[in-house]
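Just below is one structure, and these are the notes that go with it.
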Amino acid sequence: MHNARHCWIKAATLAVTVGSATVSGAADPVPCDDPGFWVDASEGATQSMICAAALDARRALDRCGLSQTEPITIEVVYSPIHNIGECLASFDCELGRIQIIDRDLLRDHLLADDAYAALPDDVVFCSLLTHELAHALIEQKLGGRKIAPVDHEYIANALELAALAPEHRKTLLDAAGIEPPISAEVIDIFIYGLAPRRFAAASYLYFEAHGCETVTGILDGSTSFRIVP
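Remember, this note's numbering sits 448 above the position in the sequence shown when you count from 1.
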């Protein structure tokens with residue numbers, strides 16, 4: 449078991465990801481009632497659940513200029529995705545595809561001391577999906593323009609926590625053990641790599657204090673947390 453982990457992946461790592469994960473492989477992706485999402489899963493009930501969760505996630509992310517402009521495929525996998533560490537969800541920006549572990553298998557891949565382990569399975573699943581959908585919408589908004597990984601992760605983590613119910617968000621914030629005010633120096637890619645939960649909490653608290661201004665600045669290229677030597 450390991451910490452729940454989100455991975456934003458580029459096309460270069462896709463071969464590793466697909467080769468290492470056990471994918472549904474049952475059939476071609478099936479469209480949701482909303483044409484913005486397609487689901488590749490082995491069971492109809494799973495497909496319906498993911499379609500509903502994707503719509504909820506998109507509604508939660510409909511702020512700060514993020515909106516969906518292209519269809520996104522969501523693929524259920526049945527073992528952790530091997531990329532940078534083991535991941536329970538990932539997004540491939542070249543294919544416009546999210547991979548996410550089956551909800552019923554989440555609990556088997558959470559450490560007892562991971563803050564996510566204190567949340568219900570459906571909340572964890574939706575949180576993972578919201579995070580990866582945020583990455584997807586960022587890529588669609590950028591239209592091929594590149595931004596620093598720290599900026600990508602800031603938006604995805606901040607909006608993921610913002611989408612949680614207050615009681616679930618409090619669980620993650622309390623576990624991170626940080627308090628506002630949060631300075632921009634704390635939004636650092638090295639902190640994300642070493643302590644992703646603290647990075648997520650710091651991102652949310654910074655977002656809570658500064659609102660959409662920083663997000664829209666990142667998206668239009670006028671703002672970045674990247675430290676230039």
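The beta carbon of each residue, even a glycine, is placed where N, CA and C say it ideally should be.
> Between R645, T619 and P477, which lies nearest to T521 when the distance is taken from Cα to Cα?
Replying inline: Checked all of R645, T619 and P477; the closest Cα to T521 is P477.
> Out of A648, G641 and I603, which has the shortest C-alpha to C-alpha gap to K618?
Replying inline: Answer by Cα proximity: A648.
> For the alpha helix (DSSP H) that S496 lies in, which residues bound it at each end?
Replying inline: Looking at the DSSP string, the run of the alpha helix (DSSP H) that includes S496 is G492 to L509.
> Can you pull the DSSP bridge partners for P479?
Replying inline: Under DSSP, P479 takes part in a beta bridge, and its partners are W486.
> In its own chain, which residues sit with a C-beta less than 7 Å from the C-beta of P479, not counting the 5 before and 5 after it?
Replying inline: Only W486 meet the Cβ criterion.
> Relative to the ligand NAP, is the shortest distance from any of its heavy atoms to the C-beta of D488 smaller than 7 Å?
Replying inline: This structure lacks the ligand NAP; in fact it carries no ligand of any kind.
> Would E523 pass as a contact of Q495 if the rule is Cβ separation under 8 Å?
Replying inline: Result no, Cβ atoms of E523 and Q495 do not sit closer than 8 Å.
>> I'd like the list of long-range same chain contacts for V663, defined as Cβ closer than 6 Å, with 5 residues on each side in sequence excluded.
In response: Excluding residues within five positions, the ones whose Cβ falls inside 6 Å are C512 and I603.
> Can you tell me where the beta strand (DSSP E) with T671 in it begins and where it stops?
Replying inline: Segment: none, T671 is in no beta strand (DSSP E) and carries neither H nor E.
>> Can you tell me whether E627 is helix, strand or coil according to DSSP?
In response: Here DSSP, grouped into helix, strand and coil, assigns E627 to coil.
> For the alpha helix (DSSP H) that A648 lies in, which residues bound it at each end?
Replying inline: Boundaries of the alpha helix (DSSP H) harbouring A648: P644 to H658, taken from the DSSP string.
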